[in-house]
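Input: a single structure, listed below in structure tokens.
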Amino acid sequence: MRRILVAPALGGIILMVGCGGLSQRPLAPVQSSAVQGAGGKVRLTLVPPAAQRAAKKVKLDTLSTGAVVYYKSVSGTFDPLLGGQLNSSFNKYTTDDTTQVQVKSATFTVDQGSITAPALIDMTVYSGYSLNDVAVAFGPVGLIFSPEATLTIVLWGEIDPDAVYAYHTSGTTVTQISTEIVEGKKTWTIILKVPGFSEYSLGDDLLPPEGEGP
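Terminal number for the sequence shown in UniProt numbering: 214, no gaps in between.
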């Protein structure tokens, strides 16, 4: 099943991407609060709206309060003439795909000619036991991609695709963006187009109405 959520025109929003020689730091546990405190980096978070969280309130509260969230960091130098990818993946550690969600992989892709000068990009992918724990942080801020870069996140576990919304935040402006969600046999794939680096989030109860500041 393939679902495409079409959003309003992006206007002047910004994103970024890069590729080249890659380095990967080992899997490491952090507390859930660390995902929110990825200071100095833009981030994508996958969080369901309040109505979906309420249906699993006990489990989500139990997992999110002091629960371990794992992360992996990768970095690479991207060449304008070559483009490239950053890739990060996690071994399967969840035990119940009906109540738990974890990241299987995250891939950040830049096309040839998307950037005008070589750029060093780093990407940190966070994964816990629920959609609330999934996040991707990028650095540095300010790079623009034309054509747009692509962020692809593959998840293990069950999600409600109709309850996932993508938002881009730039300064005081919040804009809903297009998200493609593809259902696999035991996975869900979330695909976002990235015009440049700014803040991204999924979950319409976490951000102010479109066009208003935080």
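We treat Cβ as the ideally placed atom computed from N, Cα and C, and that holds for glycine.
Does DSSP put residue i in a helix, in a strand, or in coil?
i: L82; result: coil
i: D96; result: coil
Give the DSSP bridge partners of residue i, in chain order.
i: D122; result: S75 and G139
i: T109; result: Q85 and T150
i: E183; result: W188
i: residue 236; result: Summary: the structure shown does not reach residue 236, with the chain confined to residues 1 through 214, and so no result is reported for it.
i: K193; result: T150
i: Q102; result: W156
i: I144; result: G196
Step through the CB atoms of chain C and report whether any lies within less than 9 Å of the CB of residue i.
i: P118; result: Looking at the structure shown, chain C is missing, and only one protein chain is on hand.
My assumption, with CB atoms under 8 Å, is that residue i sits in contact with residue j. Please give the rounded CB distance.
i: F138; j: I121; result: 7 Å
i: G113; j: F197; result: Actually they do not touch by this definition, with Cβ atoms about 18 Å apart.
i: L81; j: F108; result: Not quite, the Cβ-Cβ distance comes to about 18 Å (not below 8 Å), so this is no contact.
i: V136; j: A106; result: 6 Å
i: E158; j: D111; result: Rounded, the Cβ-Cβ distance is 32 Å, inconsistent with contact.
i: V154; j: K104; result: 4 Å
i: T94; j: W156; result: 6 Å
i: V101; j: S130; result: 6 Å
i: P118; j: D79; result: 6 Å
Measuring from the CB of residue i, is there a heavy atom of the ligand PLP at a distance below 8 Å?
i: L143; result: Among the components of this structure there are no ligands whatsoever, and the ligand PLP is therefore not found.
Q: Determine, using beta-carbon pairs with one atom in the stretch 175 to 190 and one in the stretch 117 to 127, whether at least three such pairs fall under 8 Å.
A: no
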